[in-house]
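Enquirer: For reference, the structure I am asking about is given below.
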Amino acid sequence: MAIRTKEFYKFQNRILEKLSKTKLYPNEGQYCWNLFRETYGYGNLKAKISRSRISDLTGILEVNVSRTERRLKERNIIIVSGKYKEFNLDIAKWKKVSGLIPFQKVSGLIQKGIKQAEKKGIRVDTLLTKKKETYKKGRAVMKELSYKETGKLEGKKWLKQVAWQEYNFSEKFLDKIFGMYDFMKCYNAYIAFQDAYNVRDKEAWILAKLERGPVPEE
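For the record, in the sequence shown the residue sitting at position 218 is 218 according to full-length UniProt numbering, with numbers rising by one throughout.
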């Protein structure tokens, strides 16, 4: 039964104001605003909604809904109990992440590491990625990072991690396009891809988008 009390509207406004000030990745934003509609939009604090239903309502691939949901839980933004979802009313506990388009800079810690590496003759790229940049039979050698770790990355490194982690783009493909196009063009193509439907070959779609560029309607 819907709740329409003074306290309910207080909670509703608290969540609405916090969401409007919270930096969210595209899938997180779609998930949160859909959950807001399914809860406070219908006068409830929580909603019983399956991941497949969320996928239908938002257009997020079902395989990525659980991943998005898990990260929102890690950030203490939502609370999940089976099929029941709700926002965490203790908004002070919501965790922040860095902006969607990070500045092109390198932290002092990494700079210090680079200087030490150069003295020892160690390749700098192994420090920045913490792994050997090789491909094994077409399989990615990247590792999944937490949102806190991902938020520390910047520019193409950040976008590469997000695209690989959210949509399983191959590392080899991502290195290819980042070597051919600048950050903003790749970023805009990635955002456009998230709004696309019925994409059979995501890598071919992204490549065609990059080669074609924006069309007048966009």
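Even for Gly, the Cβ is constructed at its ideal location relative to N, Cα and C.
Quick one: what's got a C-beta closer than 6 Å to LEU57's C-beta in the same chain, skipping five residues either side?
Expert: Here residue 57 refers to the residue found at position 57 when the sequence shown is read from its first residue. Once the five neighbours on either side are set aside, the close Cβ partners of LEU57 are ASN34.
Enquirer: Could you name each continuous alpha helix (DSSP H) segment of 4 residues or more that falls completely within the segment 149-189, going from the start of the chain to the end?
Expert: Entirely contained in the segment 149-189, the alpha helix (DSSP H) runs reaching 4 residues are, in chain order, 155-167, 171-180.
Enquirer: Which of helix, strand or coil does DSSP assign to LEU16?
Expert: The residue given as residue 16 occupies position 16 in the sequence shown. In this structure, LEU16 counts as helix in the three-state DSSP scheme.
Enquirer: Leaving out the 5 sequence neighbours to the left and right, which residues in its chain are closer than 7 Å to LYS185 when beta-carbon positions are compared?
Expert: Looking up residue 185 in the sequence shown gives position 185. So the list reads LEU210, once near-sequence residues are dropped.
Enquirer: Pull up the distance between the alpha-carbon of residue 219 and that of LYS18, whole angstroms please.
Expert: In the structure as shown, the chain begins at 1 and stops at 218. Residue 219 is therefore absent and cannot be evaluated.
Enquirer: Are three or more beta carbon pairs between the segment 43-52 and the segment 78-90 nearer than 8 Å?
Expert: Contact holds: three or more Cβ-Cβ distances are below 8 Å.
Enquirer: Among all the DSSP beta bridges, which residues are the ones paired with SER50?
Expert: As a first step, residue 50 is located in the sequence shown; it is residue number 50 there, counting from the start. DSSP output for SER50 lists no bridge partner at all.
Enquirer: Do the segment 7-24 and the segment 185-202 touch if we need at least three Cβ pairs shorter than 8 Å?
Expert: No: the two stretches stay apart, fewer than three of their Cβ pairs being nearer than 8 Å.
Enquirer: Which ranges does the alpha helix (DSSP H) cover as unbroken runs of at least 4 residues, wholly within the segment 32-95, from first to last along the chain?
Expert: Listed in chain order, they are 51-58, 62-74.
Enquirer: Distance check for LYS156 and ASP182, CA to CA, integer angstroms please.
Expert: Numbered from 1 along the sequence shown, position 182 holds the residue referred to as residue 182. Numbered from 1 along the sequence shown, position 156 holds the residue referred to as residue 156. Taking the straight line joining both Cα atoms gives about 8 Å.
Enquirer: Taking 8 Å as the cut-off, decide whether the C-beta atoms of LEU174 and LYS160 are in contact.
Expert: Start at 1 with the first residue of the sequence shown, and residue 174 comes out as number 174. Start at 1 with the first residue of the sequence shown, and residue 160 comes out as number 160. In this structure, LYS160 lies closer than 8 Å to LEU174 by Cβ.
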